[in-house]
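For the protein sequence lines, the chains are A and B, in the order given.
At position 129 of the first sequence (counting the first as 1) the number is 129 in this note's numbering, and the numbers step up by one without a gap.
This note's numbering runs 1000 ahead of the 1-based position in the second sequence.
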Amino acid sequence: MLTSQVKSNEIIFGGCNKDILEEIIFYGMGLGADFVEIFIENTDNSNVLAEEDFITSVSPSFGRGAGIRIFKDKKDGFVSTNDLTKNGLMRSVSQAIEMLDITDNKKREVFNGLDRHRDYSLSKKKWINEVPSIHEISEKLLVSTKYLKKNNKIITRKGSYSRNLQEIIIASSDGTYVSDIRLHQTVGLNVIASDAQYRSSGSRRFGSSGMPHEFRLWDHEKAANDVFESSMNMLYADYVDAGQMPVVLANKFGGVIFHEACGHLLETTQIERGTTPFENKLNEKIAHESVTAIDEGISEGSFGSLSVDDEGMEPEKSVLIKDGILKKFISDRAGELRTGHKRTGSGRRQNYSFAAASRMRNTYIAKGEHSKEDLINSISDGLYCKSMGGGSVGATGQFNFAVEEGYLIKNGKLTNPVKGATLIGEAKEVMPKISMCGNDLELAPGFCGSISGSVNVTVGQPHIKVDSITVGGR
Amino acid sequence: MNSKEITTQISEAADSLNLKKWDYGASFSNDYSVQVDKGEAKQLKASQKQILTIRVWNESNLVGITTTSDISESGIKKALNQANIASDFGNKNERTEFSPLAKDPIEVKDSKKRNPVGIKKLLTLLREAEVQLLESHESIKSVPYNGLSESFYERVYANSDGAFRSYAKSQAALYLYARAEEKNKKPRSSGSVKLGYGVEDIDIDSCIKDASNKTISHLNYSSIKTDKYLICFSPESFLTIINAFSSMFNARSILDGVSLSNKKSIGEKLSTEALNIYDDGLHEKNISSSPFDGEGTPTKRICLINKGRLENFLHSESTARIFKTMPTGHAGLGSKVSVSPDWIVVEKSEESSNLKTSLDHSTYEGEFVYIEALNAIHAGVRASQGSFSLPFDGWLYKNGKKISIESATVAGDIKYLLKNIVNIESNQEVTTSGISPHIWVDELSITGDA
């Protein structure tokens, strides 16, 4: 029985909330829940947009809310609310209990109160004062868009910055009691080039987590040069001829193909749905022996890194595929409950209005031993995908990716730029065809949209060679 | 607090901060949804959400904005303060004002707001639907993506000049996405989505039937040879491509340099003269219709393409002022006000004598590719360049037989596509994103792996 006195009737960030959280959890468990989880967040965000030589948009936002999740057997009820009072949160618990139709309030699981508070936010409270001011951001973005103005073929120049500061509290009936502060910053540059009937575009995005000074260190001149060159290279490019061919995928954001085509199929949510071909393939060969793939949340500063996941577990480094053999799935609490795969610290959600799900963090193919030139030299007629656009995976594992910047490979050499290419395939068939991995692993930030909303991730890989893949074109 | 009380509170807080000019948009919603897995409840969700976006004009008439989910007294004051600070960075080159139409009368139709049926009823209905779909064919082994939801929401716009508008609605949605498996064949998937004002308005049987028929029709599949084909776009897929390239009609996109059109494009011939395209947000079939936009401008029907020629652009207040016209009711409230279409209606114009009317998807016996649905729009469309390369679900019709296409993309250029429309069938079909007949296009590139 709860004996401590409730000191406040509302969740207070930075305050002591243990009593109120315990009371709410006791209440849910008393009504017959197997498990109660409370996720509370407070956000402070800012976005700045520079177009041509002007700041055209500054948009701050802030908010707070809670997500309450109740498990009963293998089903769960989730309620989100903006009401952070004790009564409001208890109403949400009641609603979740009612939704699950829990009428048997015999206690099967016991709540012994919350454990010692794990406060990951202590060294992070100063971050909000250390991030760049709107003035500082604006000045650097305007210099960046100025750098993009290198000739009169550039008709559109944009620079954008986004900062998301999220303060969270997680408490659950297994004793978990965690606080953290997360900081994500991204900055991107985009251009459109035009000359008569020809048009091209170029874009790059950079991002970090937990590094308030990172924007100041961003090499905007190098980034602008890179984006400009990419758009110029592609301006007069011909459309690629469609067909089956070998391709070399560049490092960094080239890793989006592994993320989309294979990574999602290794999330336990896909096992729950019965939509992954890898469900019963643990310890079996699913990829070429040159492929080792990792998902982790611990690389310092990487966009997908976390001190603790959205279910209160510290993230682990998960070797998903080792030398082509499937070793592990990416799992969250529901995934462990429903599929038996142990949690990996991968329970993630966009915000309080989503229930956490098994999601990737920093996901990449490990480096191999070849140089980029080795890979290109090994192809007589193929495609080099220097920059990838977005992609998606269908319900049966078919994927497609747009190639933003591509070059033909002829007799082991890069030749003409080509546009309009799309890579099409199926993970099960493509993974065994990744025959060479370069030695130049690099990571790139991105946003991944899935069942629990849009989350920050890192994709990555060294240069890799796929022996044969369908290239869509004209 | 109700919307009137929030308006009063914002007004009083603005007065206390000496902010003379402001407006706001808000939405308040309660959503309920269920998912099932082989007869068992999987996840049941309820959410209560409130979003408030406040704009403030400073003494130099520059605008700042803030968005928050905190509508407490302190939250509203903080939002006004932040918006005021942001106004220091307001865009000096493109002023924003209240919409001149923000106080015009709006067309208030029957709101058709339904009452909640509750989670238990949602769960029962979805369980039954899942069972029926599983039983509809022996090859359908699971329904991995499914959901039934109902939402109840209110939208509000008000400003310091006395404009005040609000409306309340309800909406329900059912989606069923089945997976079929046969021995020695790849699994195949397809599905169906139905919307209604309330759960009782959704034709559940038709959703089950559509999902089943579509999934089964893809069981017999084959690769397709890379080549150019005569294409028939389903109403859904044609609307997808028009929406993907709607920057052609978008004044904001033109000003931003990301549209294929320019200020002088009105009157330009974009397609066969047999084609008319409208945006009609208030269409009676549009479940999500809104009587006003983010700036409070009344929603109205507007002709975008008339007999093949570009007729109008979509406008916000500021783009309309720059183009010396009136806002059209397509603005989204934001620091930079966005513009987007509501509900596209495609139809055959009176000038249809050049169409090849023998091309009818239900009777034509020649070879063609039927595109049922286009996928991965975010990845495969270059709206500013006019090009697309998109995976699709569809069939190859050949020698009187149809066979599902295993995995392929269709690629082309939107201007080429519009100019090479060879038939517009007579019957329009209602989809979740608009209304269109089947549209035939000559010679688009298909990439397959046969």
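The beta carbon of each residue, even a glycine, is placed where N, CA and C say it ideally should be.
The C-beta of residue 1161(B) has fewer than 16 other C-beta atoms within 10 Å across all chains shown, which makes the residue exposed.
As computed with DSSP, residue 191(A) is found in a beta bridge with 157(A) and 202(A). Residue state for residue 1428(B) is assigned as coil, using DSSP reduced to three classes. Taking C-beta separations shorter than 6 Å and ignoring five residues to either side along the sequence, the partners of residue 267(A) in its chain run 330 and 358, following chain order. Contact between the stretch 274-290 of chain A and the stretch 424-438 of chain A is established, with three or more Cβ pairs separated by less than 8 Å. Taking C-beta atoms as the reference points, residue 1345(B) and residue 1280(B) count as a pair closer than 8 Å. Counting along the chain, the unbroken beta strand (DSSP E) around residue 1144(B) starts and ends at 1140-1159.
Per DSSP, residue 1235(B) is one residue of the alpha helix (DSSP H) stretching across 1235-1244. By the neighbour-count definition (other C-beta atoms within 10 Å, threshold 16), residue 332(A) is a buried residue. With fewer than 16 neighbouring CB atoms inside 10 Å of its own CB, residue 1108(B) falls in the exposed class. Residue environment: residue 1035(B) is assigned as buried (16 or more neighbouring CB atoms within 10 Å of its CB, all protein chains considered). Following the DSSP letters along the chain, one finds residue 331(A) in no beta strand (DSSP E), marked with neither H nor E. About 15 Å separates the Cβ atoms of residue 36(A) and residue 11(A), ruling out a contact at the 8 Å cut-off.
Membership of residue 1207(B) in the alpha helix (DSSP H) is indicated by the continuous run 1204-1217. Against chain B, a Cβ distance below 8 Å from residue 64(A) picks out 1069 and 1070.
Buried is the label assigned to residue 1341(B), since at least 16 other Cβ atoms lie within 10 Å of its Cβ.
By the 16-neighbour rule on beta-carbons within 10 angstroms, residue 197(A) is exposed. Between the C-alpha atoms of residue 1272(B) and residue 382(A) there is a straight-line separation of about 38 Å. Counting of Cβ neighbours within 10 angstroms places residue 1363(B) among the exposed residues, the total staying below 16. Between residue 1299(B) and residue 1099(B), the C-beta spacing is not below 8 Å.
Measuring C-alpha to C-alpha distances from residue 1156(B) to each of 1063(B), 1221(B), 1058(B) and 1007(B) identifies 1007(B) as the nearest. If you draw a 10 Å sphere on the C-beta of residue 280(A), you find fewer than 16 other C-beta atoms in it, and that means exposed. Close partners of residue 401(A) in chain B (Cβ separation under 7 Å): 1379. Contiguous alpha helix (DSSP H) elements confined to the stretch 44-121 of chain A occur at 86-99, taking only those with 4 or more residues. By the neighbour-count definition (other C-beta atoms within 10 Å, threshold 16), residue 73(A) is an exposed residue.
Closer than 8 Å to the CB of residue 350(A) there is not a single CB belonging to chain B. Residue 474(A) has its alpha-carbon roughly 47 Å from the corresponding atom of residue 63(A). A residue is called buried once 16 or more other Cβ atoms fall within 10 Å of its Cβ, and residue 464(A) is buried on that count. Contact between residue 453(A) and residue 354(A) holds, with the beta-carbon distance rounding to 4 Å and staying under 8 Å. Residue 1170(B) counts as buried, since no fewer than 16 other beta carbons sit within 10 angstroms of its beta carbon.
Taking a contact as a CB-CB distance under 8 Å, the pair residue 1322(B) and residue 1255(B) counts as one, their CB atoms being some 7 Å apart. Distance from residue 1286(B) to residue 1343(B) at the Cβ level is roughly 4 Å; contact confirmed, criterion being Cβ atoms closer than 8 Å. Per DSSP, the unbroken beta strand (DSSP E) holding residue 1192(B) starts and ends at 1188-1196. At a cut-off of 8 Å between C-beta atoms, residue 390(A) counts as an interface residue with respect to chain B.
Counting C-beta pairs closer than 8 Å gives fewer than three between the stretch 216-227 of chain A and the stretch 397-417 of chain A, which falls short of the contact rule. By the neighbour-count criterion, in which 16 or more other beta carbons inside 10 Å mark a residue as buried, residue 1382(B) falls on the buried side.
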